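For reference, the structure is listed below as structure tokens.
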Amino acid sequence: MTSPESFLSSLVADLEQNRFELPTLPEVALRVRDAVENGKTNARQTADLIATDAALSARLIQVVNSPLYRASKPIDSLPMAVSRLGNALVRNLVTSLVMKQMFQATTDFLDRRLRALWEHNVQVAAIARVLAARVPGLSPDQAMLAGLLHDVGALPILTRAEDDPRLLGDMITLDRLVAEHHPRIGAHILTSWGFPPSLVAVAAEHEDLQRDPDGPPDLVDVVLVANLQSYLGGTHPHSQVDWSTVPAFRRLGIDTDVSVVEITEGSEEIEEVQRLLEA
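Have a look at this one:
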């Protein structure tokens, strides 16, 4: 058995030296992202890529017909769905819709932890989407994806902990390792996946409650605030944070005295996002 310190140092060393098998995005998400980013793919070609995954195809059509996107008439084909949404939005949605595949487990322990982690990420993603819609220059769907990805650094810690009986018997230490180190590991994973710096920054900085950079509000602000709001009324240490001391609220123009209203006003949209992502 290993100490928590040696467990973590071994994990980080393996990550940095590419010895650790990182979680990988499903192939269809990679193909769609690469096709969209080359700038030469039309809606029909993008639809053909998505069509290789029947379940994803059905879910994308479900999404485009949902209240979130307010289609003027029912859309029943992938080319129509891609044309309605546009390639850039489809790229984010495809990645978001397949993320759940990465939270599959082979043991009861990991299943419980990953299920809870996914549910938390979905809640943060839904709140982030609502918040970003109120901030000029930010994409709600990019914010939704950022919310789904913000805790991805916990995946390799939990996966490797399955092989360490000492950690499995000490949930307090395991939770501490996850809390303290998932931002750095998450940034490493998103960098290896080729995600843009704005999303890498979300993984790296969303736990920095005193973060107050120059410039306009960004995705980190949105996810940081959404993360805190997701814990409201719970037992997590973040539920005790005084929001008036967190610069991200000010940067987003949120009055912390009426912050609960900010959530409840978008509650139907939040519930719809959660329903679609949990499907």
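The numbering of the sequence shown is the numbering used here, which starts it at 1 and goes up by one. Every residue gets a Cβ at the ideal spot worked out from N, C-alpha and C, and that includes glycine. Please read these numbers as outputs of a predicted model, since none were measured by experiment.
- Here alanine 47 has Leu78, Pro79 and Val82 as same chain residues with Cβ atoms under 7 Å from its own Cβ, once five neighbours each way along the sequence are excluded.
- Cβ contact annotation for valine 94 (same chain, cutoff 6 Å, sequence separation greater than five): Ala29 and Val32, in chain order.
- Restricting attention to alpha helix (DSSP H) runs no shorter than 4 residues, the segment 125 to 184 encloses them at 140 to 149, 154 to 161 and 165 to 168, ordered along the chain.
- If you draw a straight line from the Cα of glutamine 123 to the Cα of histidine 182, it is about 18 Å long.
- In this structure, the alpha-carbon of leucine 252 lies about 40 Å from that of threonine 106.
- Scanning the segment 185 to 241 from its first residue to its last, the whole alpha helix (DSSP H) runs of 4-plus residues come out as 197 to 205 and 219 to 230.
- DSSP places isoleucine 270 inside the alpha helix (DSSP H), whose first and last residues are 267 to 278.
- One thing to note: leucine 145 has its Cβ within 8 Å of the Cβ of asparagine 92.
- Contact between the segment 136 to 152 and the segment 215 to 230 is present: 3 or more CB-CB pairs across the two stretches fall below 8 Å.
- With a threshold of 16 other beta carbon atoms within 10 Å, arginine 113 meets it and is buried.
- When DSSP states are grouped into helix, strand and coil, serine 72 belongs to the coil group.
- Within the same chain, Pro4, Leu8 and Ile157 come within 7 Å of leucine 177 by CB-CB distance, once the 5 residues on both sides are set aside.
- For threonine 41, the CB contacts under 7 Å within the same chain, skipping 5 residues up- and downstream, are Ala35 and Asn87 in chain order.
- Residue Ala125 holds the alpha-carbon nearest to the alpha-carbon of glutamate 272 among Ala125, Leu232 and Leu167.
- The beta carbons of leucine 89 and aspartate 141 sit closer together than 8 Å.
- Boundaries of the alpha helix (DSSP H) around valine 94: 87 to 98.
- Counted as a single uninterrupted DSSP element, the alpha helix (DSSP H) harbouring valine 32 occupies residues 27 to 37.
- DSSP places proline 67 outside both helix and strand once states are collapsed to three, so it counts as coil.
- No residue range can be given for glutamine 17, since it is assigned to no alpha helix (DSSP H) and is classified by DSSP as neither H nor E.
- Distance check between alanine 179 and each of Ala54, Val223, Leu190 and Asp208 places Asp208 closest, using alpha-carbon atoms only.
- If you draw a 10 Å sphere on the C-beta of arginine 115, you find fewer than 16 other C-beta atoms in it, and that means exposed.
- Counting the other CB atoms within 10 Å of its CB gives aspartate 163 a total below 16, which places it among the exposed residues.
- A distance below 8 Å between beta-carbons, with the five flanking residues on each side excluded, links histidine 206 to the following residues of its chain, in chain order: His150, Pro183, Val220, Val223, Leu224 and Asn227.
- Where aspartate 48 is concerned, the enclosing alpha helix (DSSP H) starts and stops at 43 to 50.
- Inter-residue distance for phenylalanine 249 and leucine 131 is about 11 Å (C-alpha atoms, whole angstroms).
- With contacts defined by Cβ atoms closer than 8 Å, glutamine 62 and leucine 276 form a contacting pair.
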